[in-house]
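Protein chains: 2
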Amino acid sequence: MTEEPTAAPTRRRGAALEQAILRAAVDELLESGYSGLNMDKVASRAGTNKNAIYRRWPNRAALSIAAYRQLSAASAPLPDTGELRGDVLELLRGANRHWSSPTGDILRSLLSGVADDPELLAQLHEQSGDAGSGMWLTILGRAVARGEAPPEVLHPRVATVAVVLLRNEFVTRGVPTVPDNVLVEIVDEVYLPLIRGHRRTPD
Amino acid sequence: MTEEPTAAPTRRRGAALEQAILRAAVDELLESGYSGLNMDKVASRAGTNKNAIYRRWPNRAALSIAAYRQLSAASAPLPDTGELRGDVLELLRGANRHWSSPTGDILRSLLSGVADDPELLAQLHEQSGDAGSGMWLTILGRAVARGEAPPEVLHPRVATVAVVLLRNEFVTRGVPTVPDNVLVEIVDEVYLPLIRGHRRTPD
DNA sequence: CATTTACGGTACTCATCGTACCTTAATCGG
DNA sequence: CCGATTAAGGTACGATGAGTACCGTAAATG
Numbered sequence: 013m014t015e016e017p018t019a020a021p022t023r024r025r026g027a028a029l030e031q032a033i034l035r036a037a038v039d040e041l042l043e044s045g046y047s048g049l050n051m052d053k054v055a056s057r058a059g060t061n062k063n064a065i066y067r068r069w070p071n072r073a074a075l076s077i078a079a080y081r082q083l084s085a086a087s088a089p090l091p092d093t094g095e096l097r098g099d100v101l102e103l104l105r106g107a108n109r110h111w112s113s114p115t116g117d118i119l120r121s122l123l124s125g126v127a128d129d130p131e132l133l134a135q136l137h138e139q140s141g142d143a144g145s146g147m148w149l150t151i152l153g154r155a156v157a158r159g160e161a162p163p164e165v166l167h168p169r170v171a172t173v174a175v176v177l178l179r180n181e182f183v184t185r186g187v188p189t190v191p192d193n194v195l196v197e198i199v200d201e202v203y204l205p206l207i208r209g210h211r212r213t214p215d
Numbered sequence: 013m014t015e016e017p018t019a020a021p022t023r024r025r026g027a028a029l030e031q032a033i034l035r036a037a038v039d040e041l042l043e044s045g046y047s048g049l050n051m052d053k054v055a056s057r058a059g060t061n062k063n064a065i066y067r068r069w070p071n072r073a074a075l076s077i078a079a080y081r082q083l084s085a086a087s088a089p090l091p092d093t094g095e096l097r098g099d100v101l102e103l104l105r106g107a108n109r110h111w112s113s114p115t116g117d118i119l120r121s122l123l124s125g126v127a128d129d130p131e132l133l134a135q136l137h138e139q140s141g142d143a144g145s146g147m148w149l150t151i152l153g154r155a156v157a158r159g160e161a162p163p164e165v166l167h168p169r170v171a172t173v174a175v176v177l178l179r180n181e182f183v184t185r186g187v188p189t190v191p192d193n194v195l196v197e198i199v200d201e202v203y204l205p206l207i208r209g210h211r212r213t214p215d
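So the protein lines, in turn, are chains G and W.
End of the first sequence = 215 in our numbering, gap-free, step of one.
End of the second sequence = 215 in our numbering, gap-free, step of one.
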């Protein structure tokens with residue numbers, strides 16, 4: 013016999029094939045964004061054909077979101093500088109780096125590409141850490157414990173103001189990266205004054 | 013002669029035809045949004061064919077933006093309730109109504125549809141009155157004049173915080189309309205405290 | 001070793017953008 | 001008033017890309 017058993021299977025299946033497809037899709041996203049992601053190209057890049065893709069995902073958008081999910085798995089640890097201003101700035105810088113990276117580009121092209129499908133849109137927003145008022149409440153909680161801020165600020169809408177403003181910069185300008193001085197401005201002109209404003213005004 | 017001169021021209025030209033096309037495009041946008049706007053349908057709805065369209069606009073996106081421009085010509089007058097809180101709330105409610113209207117739907121579908129074309133994107137953002145920090149500075153200026161707010165708040169990034177948060181609601185949730193209590197929350201939990209926080213803290 | 005599963009190859013339908021070409025009506029200059 | 005020019009209408013077509021259908025065959029399963 014010229015062939016080893018269980019050696020060099022020329023035809024992949026299951027998880028192996030699925031990973032190959034996802035990696036191909038990720039590469040396509042990085043190269044061309046969502047609008048340029050082509051099912052035939054993904055298939056041939058993965059060394060397979062569209063059947064294998066459509067057996068796993070119902071359409072282009074679903075595949076792309078799955079690929080993006082794989083791409084953006086990592087999450088940075090929470091900063092803890094011992095001071096609210098430092099923590100906020102660190103968190104903002106992290107978000108800025110994230111949205112400025114190729115990953116961020118893809119996120120944006122995906123967000124606009126699936127805008128007409130509320131289901132997928134919700135999936136993306138959750139996954140993109142936007143809903144993450146959690147981290148903001150955590151660092152604010154520490155500030156409250158230190159006496160740097162009053163407990164009234166422990167409110168999702170208040171806590172996330174800074175990152176919402178940052179996202180707004182990305183959305184309205186078409187810029188690839190928000191300059192650091194804008195982050196500082198957001199912190200010093202908006203976020204910290206907002207926290208201060210929540211102290212009881214002396215009657 | 014059985015035919016009057018200059019009577020009942022069966023074939024429109026120039027401006028008349030252009031208007032007919034734009035009205036048809038507006039109707040299509042209202043019915044199906046940007047992603048559903050089909051050049052053949054626009055043409056047949058206008059009683060003409062694609063040639064007449066492509067002679068005037070280079071592609072689908074340009075036609076859609078022209079149609080949107082026509083749709084969103086009006087602009088509301090500035091509120092002046094004599095009190096900052098009332099003015100802010102009125103402005104927010106106006107923006108909420110605008111973005112909740114069919115016009116707002118179209119704007120959103122257009123924004124996501126042309127996201128890969130920075131040129132058109134910029135056109136839309138300008139035109140949609142987003143850049144309008146002007147109105148916010150105006151009502152804040154009145155508040156400063158009344159002594160309701162310190163002059164430090166006359167800063168575009170501070171002034172527009174409320175409307176940026178409102179837009180964020182539209183973007184992240186897929187909701188058709190933001191409930192009024194959210195607007196109130198934005199004003200009372202964020203905007204007014206932010207203004208207060210800009211008073212000199214007593215040292 | 002027989003059977004079932006699922007991959008690979010290929011070809012197809014369908015929708016839709018944008019273009020080409022030709023005929024004919026409206027307008028304009030002489 | 002009439003011929004020339006311009007722009008509309010009709011229709012057909014090329015190109016692209018999503019999603020589907022079939023069929024033969026390799027890999028897993030027992």
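We put the beta carbon where it would ideally sit given N, CA and C, even for glycine.
- DSSP places Ser113/W outside both helix and strand once states are collapsed to three, so it counts as coil.
- Look at Val183/G here: in three-state DSSP terms it is helix.
- By the neighbour-count definition (other C-beta atoms within 10 Å, threshold 16), Val187/G is an exposed residue.
- Annotated as distal: Ala37/G and Ala74/G, with beta-carbon spacing of 7 Å or more.
- DSSP places Ala157/W inside the alpha helix (DSSP H), whose first and last residues are Ser145 to Arg158.
- Rounded to the nearest angstrom, the gap between the Cα atoms of Leu96/G and Leu195/G is 14 Å.
- Note on geometry: alpha-carbon atoms of Ser112/W and Gly209/W lie some 31 Å from one another.
- Between His110/W and chain G, the shortest Cβ-Cβ separation is not below 7 Å.
- The residue among Arg23/G, Leu103/G, Thr172/G and Gln82/G with its C-alpha nearest the C-alpha of Leu90/G is Leu103/G.
- Secondary structure at His210/W: coil, using DSSP grouped into helix, strand and coil.
- CA-to-CA, the gap between Leu136/G and Leu119/G works out to about 8 Å.
- In this structure, the beta-carbon distance from Ile207/W to Ala157/W does not fall below 7 Å.
- For Asp192/G, not one C-beta of chain W is nearer than 7 Å to its own C-beta.
- A Cβ of chain G is located within less than 7 Å of the beta carbon of Asp128/W.
- Under the three-state reduction of DSSP, Ala58/W is assigned to coil, being neither helix nor strand.
- Annotated three-state conformation of Glu164/G is helix, per DSSP.
- By the Cβ neighbour-count rule, Pro114/G is exposed, with fewer than 16 other Cβ atoms within 10 Å of its own.
- In the structure shown, Glu102/W falls within a helical segment according to DSSP collapsed to helix, strand and coil.
- With 16 or more neighbouring CB atoms inside 10 Å of its own CB, Arg179/G falls in the buried class.
- Across the segment 87-108 of chain W, no CB contact with chain G closer than 9 Å is found for any residue.
- Contact between Arg24/G and Ala32/G holds: their C-beta atoms lie close to 6 Å from each other, under 8 Å.
- Around the beta-carbon of Ser124/G, 16 or more other beta-carbon atoms lie within 10 Å, marking it buried.
- Taking 7 Å as the threshold, the shortest C-beta distance from Ser44/W to chain G does not fall below it.
- Residue range Asp192 to Glu197 is occupied by the alpha helix (DSSP H) that includes Glu197/W.
- Counting along the chain, Arg35/G sits inside the alpha helix (DSSP H) bounded by residues Gly26 to Ser44.
- For the segment 177-188 of chain G, the beta-carbon criterion of a distance under 8 Å to any beta-carbon of chain W is satisfied by Leu177, Arg179, Asn180, Val183, Thr184 and Gly186.
- Put simply, the backbone Cα of Met147/G is about 13 Å away from that of Val173/G.
- The Cβ-Cβ distance between Asp128/W and Ser140/G does not fall below 7 Å.
- Look at Glu160/W: its C-beta is not under 7 Å from any C-beta on chain G.
- At least one C-beta of chain G is nearer than 7 Å to the C-beta of Leu206/W.
- Annotation: the continuous alpha helix (DSSP H) that includes Ser76/W extends over Arg72 to Leu83.
- Distances from the CA of Asp117/G to each of Gly144/G, Glu40/G, Leu29/G and Thr22/G were compared; the closest alpha carbon is that of Glu40/G.
- For Ser76/G, there are no C-beta contacts with chain W under 9 Å, since the nearest C-beta of that chain is about 14 Å from it.
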